[in-house]
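Number of protein chains: 2
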Amino acid sequence: MTEGSPNKKIKVHFEPDNVDIVVGQGENLLEAAIAAGAHINASCGGTGVCGTCKVLIREGGVESTRTEKLSEEEYEQGLRQACQTRVLTDLTVYVPVESRLESAVVSRESKGVGEALATGWRFNPPISKYFVELPPPTLEDNVSDLSRLIRGLKKQYKLSNMTVDFDVVKKLPQILRDSGWKVTVTTLVTAVEPRAGDRRRPRVINVEPGDTREKHYSLAFDIGTTTVCGQLLELNRGKVIAEGIEYNQQISHGQDVITRIAYSQKPGGLQKLQQAVLATINGIINQLLTQSQVNIEHIGHLVVAGNTTMLQILLGLDPKYIRLAPYTPAANLVPPVKASSLGIKVGEHVYLFAFPIVASYVGGDISSGIVGSGVHQRKKLTLYMDIGTNGEIVIGNSDWMVTASCSAGPAFEGGGIKHGMVAANGAIEEFEINPSNLEPTVGTIGGEKAKGICGSGLINIVAGLLEAGVIGQNGKFNTNLPTKRIRGGRDGYEYVLSRAPETQIGKDIVITEVDIDNFIRTKAAMYAGCQTLVKSVGVTCSDLEQVIIAGAFGSHIDMKKSITIGLFPDIPRDRFTFIGNGSLLGARLVSFSTDILDDARRVAKMMTNLELSENADFMNNYIAALFLPHTNANEFPSVYKILGKLPKSKLKQRITI
Amino acid sequence: MTEGSPNKKIKVHFEPDNVDIVVGQGENLLEAAIAAGAHINASCGGTGVCGTCKVLIREGGVESTRTEKLSEEEYEQGLRQACQTRVLTDLTVYVPVESRLESAVVSRESKGVGEALATGWRFNPPISKYFVELPPPTLEDNVSDLSRLIRGLKKQYKLSNMTVDFDVVKKLPQILRDSGWKVTVTTLVTAVEPRAGDRRRPRVINVEPGDTREKHYSLAFDIGTTTVCGQLLELNRGKVIAEGIEYNQQISHGQDVITRIAYSQKPGGLQKLQQAVLATINGIINQLLTQSQVNIEHIGHLVVAGNTTMLQILLGLDPKYIRLAPYTPAANLVPPVKASSLGIKVGEHVYLFAFPIVASYVGGDISSGIVGSGVHQRKKLTLYMDIGTNGEIVIGNSDWMVTASCSAGPAFEGGGIKHGMVAANGAIEEFEINPSNLEPTVGTIGGEKAKGICGSGLINIVAGLLEAGVIGQNGKFNTNLPTKRIRGGRDGYEYVLSRAPETQIGKDIVITEVDIDNFIRTKAAMYAGCQTLVKSVGVTCSDLEQVIIAGAFGSHIDMKKSITIGLFPDIPRDRFTFIGNGSLLGARLVSFSTDILDDARRVAKMMTNLELSENADFMNNYIAALFLPHTNANEFPSVYKILGKLPKSKLKQRITI
């Protein structure tokens with residue numbers, strides 16, 4: 001295999017999209033196509049097994065491995081699998097119609113389970129960088145500096161109908177002259193209403209001396225009530241190059257959105273909350289820059305998803321009326337705003353895009369998760385559940401969507417749980433119990449000594465304790481069992497997961513009855529929300545063709561155990577997909593694709609919100625769900641079948657005060 | 001004649017424009033149509049003599065004087081002259097096609113000589129106010145506050161495709177609730193490129209509680225090198241309600257743009273210059289508000305015209321490269337910018353619109369004057385001269401325009417003239433000389449005691465002295481004359497215009513040989529510019545069908561005397577029109593009409609600039625013009641005819657060192 005020299009620059013032209021890209025010799029042709037924004041299919045994510053990325057090499061030389069997906073005849077015609085092809089000389093590549101299907105699946109990063117769900121989008125970030133070399137002015141051609149720049153962009157890149165930020169005009173004359181009339185321009189496009197005749201108006205937001213196209217980054221954030229997650233994205237190749245997660249510093253002003261809103265109404269309260277989340281965000285940005293060695297000035301965009309209250313507080317919009325009936329947010333589509341004007345420490349040219357809000361309790365985290373997981377693209381009846389401090393649920397497909405929100409509580413993010421913590425290194429995530437001696441085996445994230453319990457760990461622990469008969473279906477400990485792991489503690493009965501010497505904290509890590517109570521309330525609210533929403537649209541859980549679970553509880557959520565404890569409906573396990581932080585996923589995808597940006601706007605508009613807070617059905621469902629898995633055995637037949645096999649003694653209920 | 005009660009509100013609906021307006025009973029129907037933005041013709045400006053404003057009263061009662069312009073048959077059909085009609089009851093009025101011609105002339109204010117030149121524009125200011133009453137939210141209808149507002153604007157006013165300023169979102173929730181869901185919204189539209197499919201995107205820039213439509217004002221400014229003029233405009237009726245003029249405080253840093261640019265390159269220089277003009281503007285705004293008793297928060301827009309250097313300094317854009325070959329401005333079309341961000345003391349919602357710049361020495365004052373005087377609307381070959389500190393000239397018509405600039409010097413604004421002053425009260429403007437005893441009669445602006453000499457006064461004085469033989473054609477005094485008015489002074493010979501007791505300054509007001517020298521250089525530069533420009537496009541001065549003169553020298557410029565001294569070409573006097581401050585005129589018209597706003601953008605783009613600074617023809621013409629009226633008698637046949645009739649002795653040249 002020829003190695004090729006990555007320093008040698010090769011120009012690849014893609015038809016019929018008519019887009020060009022310059023890449024290093026030897027680079028993968030599929031990756032080049034994605035980076036160029038050519039509309040190309042690759043269902044398997046580039047591993048060579050699906051054969052959907054066939055392209056015709058019209059001119060130039062490539063090196064390509066022929067797999068069984070390509071017939072001899074096709075090979076003769078010049079067809080190659082883009083993912084199996086390396087670029088050797090300047091190329092003209094034609095992407096045939098069968099390789100350009102809207103159902104393309106492009107997996108863009110190592111962890112990209114999420115990206116595979118949203119399909120058919122092109123890699124065309126809302127911000128673009130253009131390098132232009134301008135002819136210096138002469139007496140015969142002394143148009144203004146800005147006109148010269150715009151003329152150059154038109155001529156070289158066929159850009160038209162641009163608007164320009166005033167700040168760009170201010171620094172333009174000096175930069176043009178200092179750089180010898182060679183500059184890089186950053187443009188931003190915002191979502192457009194899908195209406196005939198509307199053209200995008202690229203906004204020129206920055207100009208830099210020289211060719212800085214290689215330094216092209218953006219930030220994606222999920223602002224959660226409990227945690228804030230951020231990613232630094234490389235926009236030439238569509239990669240996550242650094243990520244960070246921190247507790248939202250607002251936590252010291254209350255654990256859930258209701259207490260935060262109450263705090264915001266105190267004198268100076270809103271400002272303090274805004275400062276707290278800004279400090280969190282700025283801290284994460286610092287981490288990301290340090291990790292990646294990226295210079296802050298090369299960050300060009302910031303996409304933020306989060307629930308309505310979190311977004312409003314970040315933007316300095318009083319959240320007062322979110323809490324008061326009839327629960328109205330300030331805006332669904334927040335106009336673009338300069339990130340630095342809010343206090344976010346990025347360049348002055350960076351605009352913040354806030355994901356569209358659906359309702360007071362169905363925020364930009366949900367519209368983000370929905371477009372991120374492509375629910376809006378499929379006819380399949382899908383249930384989408386985002387389990388955070390607030391639980392938010394969507395049911396629907398490409399034609400319609402109904403949403404609801406239930407205040408589940410922060411148990412899955414470690415809130416209200418004695419040793420609860422976010423899904424970070426040291427969090428107990430795996431849990432097995434030896435049925436004979438009731439001794440546990442725990443596994444932590446990162447394999448470190450245990451520090452606490454994350455959300456996915458909590459599910460595994462409660463399910464394991466239930467299946468082993470250590471707790472009953474009401475969540476209470478069976479205190480008659482022959483094990484020292486169950487003992488009385490300050491908060492009532494508890495089970496010891498890790499003994500002090502095996503922990504990082506030097507204390508026993510336990511799960512208490514109070515923890516389990518909180519956990520049951522949380523899962524009951526989520527499940528009751530699903531039941532109510534499913535019924536409200538006239539279907540049953542068994543009609544659901546797909547269930548997408550989003551949440552920050554850790555990456556190894558066990559669907560079977562989640563059903564065992566009654567969090568998810570009892571339907572075939574293969575209909576479930578776990579996408580991790582769906583809100584962050586959508587924020588990342590919007591940073592990569594203007595198509596998804598337009599989708600976000602459209603999706604938020606098509607959602608109908610069902611208000612659960614005053615819904616009698618929901619309250620009944622909730623009470624019925626305060627049991628493991630549920631008081632109604634018909635709702636969880638497969639679970640009752642397993643529990644039914646346990647020795648009677650282990651299911652015996654202990655009645656405590 | 002029925003008086004009608006102005007307190008009684010009458011609704012008038014105009015077809016086919018489908019616009020409504022509410023006016024007081026008894027109000028004039030033409031004025032109502034103009035205020036409503038109905039596209040109506042009125043060539044005579046509403047005096048009843050042209051008959052072009054005929055409308056059909058479809059429903060409702062009016063009172064109308066029938067003139068000979070209306071046949072009995074027409075009157076029977078329900079046709080009325082809008083200008084002769086008073087509104088009595090709610091009306092539906094149809095404007096027939098012949099009354100809707102694009103050539104309509106609408107004179108909109110008392111002083112409106114200028115407005116009559118630009119034709120065919122509708123009264124539709126770039127900012128509009130809309131009062132909306134919104135249904136309060138309910139649990140069934142709890143969309144966001146912003147969505148509710150936009151829905152209301154769509155429903156009530158058919159507005160669509162709006163963008164919204166972030167600041168509006170920030171204050172919206174509280175204002176909506178404090179006002180009982182009744183608010184007034186201000187929108188702004190900017191110029192659009194004339195391209196098919198482009199729709200305007202009204203930008204929501206402000207929201208106020210209650211109905212504030214009656215409080216609808218804007219500001220128009222001309223930023224001159226020497227003086228700054230501002231007007232406060234009422235936008236419901238299109239009237240100037242206050243005006244102010246002040247010296248540009250930058251004067252202490254240099255008299256002309258070149259010295260200002262030099263100053264801007266000193267450390268902190270640009271900032272000092274910007275602060276100086278901001279102080280001037282803020283001072284005038286204060287005056288205007290005091291005069292009019294208008295509250296600053298009701299000013300919604302600011303339109304600024306001025307030469308390139310003045311605009312760039314105001315905007316904080318370094319003017320360095322204006323002065324260095326090849327003379328490039330920073331931008332031709334400056335993006336909209338918040339006025340308060342620059343330091344202008346108006347509400348935070350106010351955007352500044354800067355008139356498009358053509359070249360480094362052909363600024364937004366020229367594009368403003370051209371659209372203000374409608375040069376771009378006519379096939380007539382027109383010469384447009386703006387005589388300020390810099391002289392700027394345009395030749396062309398609706399198809400093409402060529403511009404040039406000649407550094408004339410500030411003589412016409414009082415600069416470089418011993419007793420020179422701006423055209424304000426006390427300025428000597430009229431001047432007659434008794435041929436027998438050479439005693440002067442002077443008249444001042446406002447009839448006050450003399451304070452100094454304004455630009456138009458200077459023309460009258462020099463022409464009068466020349467015609468009386470007090471000075472020769474080289475501008476030197478004839479010291480042999482039997483009058484004590486001519487005497488030696490500190491600056492050489494001088495002529496006493498007003499003796500100390502008759503003045504406000506307690507000193508003799510004189511005109512000196514140095515003044516006359518400066519004056520001749522100024523008029524020579526202007527005239528040479530005209531000659532060069534006229535020749536460059538292959539015509540002669542006699543081909544000019546219209547000459548429009550703009551300048552701040554006072555309102556009573558005498559065309560005949562201006563020709564006598566060789567400032568303007570010697571062509572029939574009736575081809576001349578004087579429009580006063582053309583730059584301010586355009587700024588006012590743009591504030592009144594979005595049509596003119598679009599024109600401004602188009603006109604600036606169609607202008608070709610001829611660089612005179614290195615043009616040999618111009619230098620030759622300039623030297624030949626340093627004489628009264630000109631060294632070449634053939635250029636000024638009518639003047640030489642008059643001068644030829646003077647006694648020989650009076651024309652005798654005195655040679656002085």
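Note that the protein sequences, when read in sequence, are chains A and B.
Per the numbering used here, residue 1 is the first one in the first sequence, and the count goes up by one each step.
Per the numbering used here, residue 1 is the first one in the second sequence, and the count goes up by one each step.
Glycine residues also receive a C-beta, built at the ideal position from the N, C-alpha and C atoms.
- Contact annotation: in the segment 333–353 of chain A, residues whose CB is within less than 7 angstroms of a CB in chain B are V334, P335 and V337.
- The straight-line gap separating the alpha-carbon atoms of B:T532 and B:E513 is approximately 28 angstroms.
- Close to A:D145, with beta-carbon spacing below 8 angstroms, are these residues of chain B in chain order: Y321, T328, P329, A330 and A331.
- Counting the other Cβ atoms within 10 Å of the Cβ of A:D399 gives fewer than 16, which makes it exposed.
- In terms of Cα proximity to A:G409, the closest of A:R521, A:K239, A:G586 and A:R177 is A:R521.
- Per DSSP, B:V603 is one residue of the alpha helix (DSSP H) stretching across T594 to M606.
- In the DSSP annotation of this structure, the continuous segment of the alpha helix (DSSP H) that includes A:S367 starts and ends at G364 to G372.
- Residue-level contact check: A:K69 does not touch chain B, since none of the beta carbons of chain B fall below 7 angstroms from its beta carbon.
- Excluding sequence positions up to five before and after B:P356, its CB lies within less than 7 angstroms of the CB of N332, L333, G364, S367, A600, R601 and A604, all in the same chain and listed in chain order.
- Across the set B:N161, B:I509 and B:G472, the C-alpha of B:I509 shows the shortest separation from the C-alpha of B:G489.
- Listed by position along chain B, the residues whose Cβ is nearer than 7 angstroms to that of A:F166 are P335 and V337.
- Between the alpha carbons of B:I548 and B:R575 lies a distance of about 8 angstroms.
- For A:R80, the uninterrupted beta strand (DSSP E) run begins and ends at L79 to Q81, by DSSP.
- Taking a Cβ-Cβ cut-off of 7 angstroms, the neighbours of B:V169 in chain A comprise L317, A330, A331, V334 and P335, given in sequence order.
- Partner residues in a beta bridge of A:R485, as assigned by DSSP, do not exist.
- Collapsing the DSSP output to three states places B:Y361 in coil.
- Scanning A:I453, A:G372 and A:G391 for the CA closest to the CA of A:A427 turns up A:I453.
- For the segment 126–141 of chain A, residues whose beta-carbon sits nearer than 7 angstroms to a beta-carbon of chain B comprise P137, T138 and L139.
- The C-alpha of A:S562 is placed about 10 angstroms away from the C-alpha of A:R573.
- Between A:Q25 and A:K11, the gap from beta carbon to beta carbon reaches 7 angstroms or more.
- Residue contact with chain B for A:E72: absent (no Cβ-Cβ distance below 7 angstroms to any residue of chain B).
- Neighbourhood of A:I357 in chain B, by CB distance below 9 angstroms: S144, in chain order.
- Interface criterion not met: the Cβ of B:P410 is under 7 angstroms from no Cβ in chain A.
- Under the three-pair Cβ rule at 8 angstroms, the segment 306–326 of chain A counts as touching the segment 170–182 of chain B.
- In terms of CA proximity to A:A528, A:P569 leads the group A:Q504, A:S498, A:P569 and A:K69.
- Under a criterion of Cβ atoms nearer than 7 angstroms, the residues of chain B adjacent to A:A325 are, in order, L139.
- Secondary structure of A:M385 (DSSP, three-state): strand.
- Residue range E513 to S536 is occupied by the alpha helix (DSSP H) that includes B:Q531, with no beta strand (DSSP E) assigned at that position.
- By the rule that beta-carbons nearer than 7 angstroms mark a contact, B:E611 touches chain A.
- For A:P173, the nearest CB of chain B lies under 7 angstroms from its own CB, placing it at the interface with that chain.
- Checking the DSSP bridge columns, you'll see B:K54 partnered with B:Q81.
- In this structure, the beta-carbon distance from A:P125 to A:F592 falls below 7 angstroms.
- Looking at the backbone, the Cα of B:N609 and that of B:I241 are separated by about 36 angstroms.
- Going by C-alpha positions, B:L188 is about 60 angstroms away from A:L628.
- DSSP places B:D90 in the coil class of the three-state scheme, outside both helix and strand.
- A:I387 is not a Cβ neighbour of A:S456, given a cutoff of 7 angstroms.
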